[in-house]
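Numbered as in my numbering, the sequence shown ends at 87 without a single skipped number.
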Amino acid sequence: MHIPSATIADWDPATGAGLLGDKAISVVFDNSKIRRLVPDFVCTTPFARGVEESVAWIDADPERDALMDRMIASHEQSRRDAEGGRP
């Protein structure tokens, strides 16, 4: 679910501080320079595994997990309210 960086910063200033600024704008990162400098590097973590690890990190802390759940529920309710109550 997409939640604006400013909303995340309102809910969790510590996390939000790292999102505001250059991370608040969508960009495409090009890794061609590092691949030229380190041609033997091979990423060994598949994307799906990286996502699993990220979710496990959130779930490992009940307070952090609850914060994410509250933030998502609030954002979904705000979206429904803006759309006239539609789910």
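Don't be surprised by glycine CBs; every beta carbon is placed ideally from N, CA and C. For clarity, every value in this text was computed on a predicted model and none was experimentally measured.
| Query | Result |
| --- | --- |
| If I follow the unbroken alpha helix (DSSP H) through residue 18, where does it start and stop? | 13-19 |
| Buried or exposed: where does residue 25 fall if 16 or more other Cβ atoms within 10 Å of its Cβ makes it buried? | exposed |
| Our contact map puts residue 5 next to residue 16 with C-beta atoms below 8 Å; I'd like the distance itself, whole angstroms only. | 7 Å |
| Just the C-alpha distance for residue 68 and residue 51, rounded to the nearest angstrom, thanks. | 16 Å |
| Which of helix, strand or coil does DSSP assign to residue 60? | coil |
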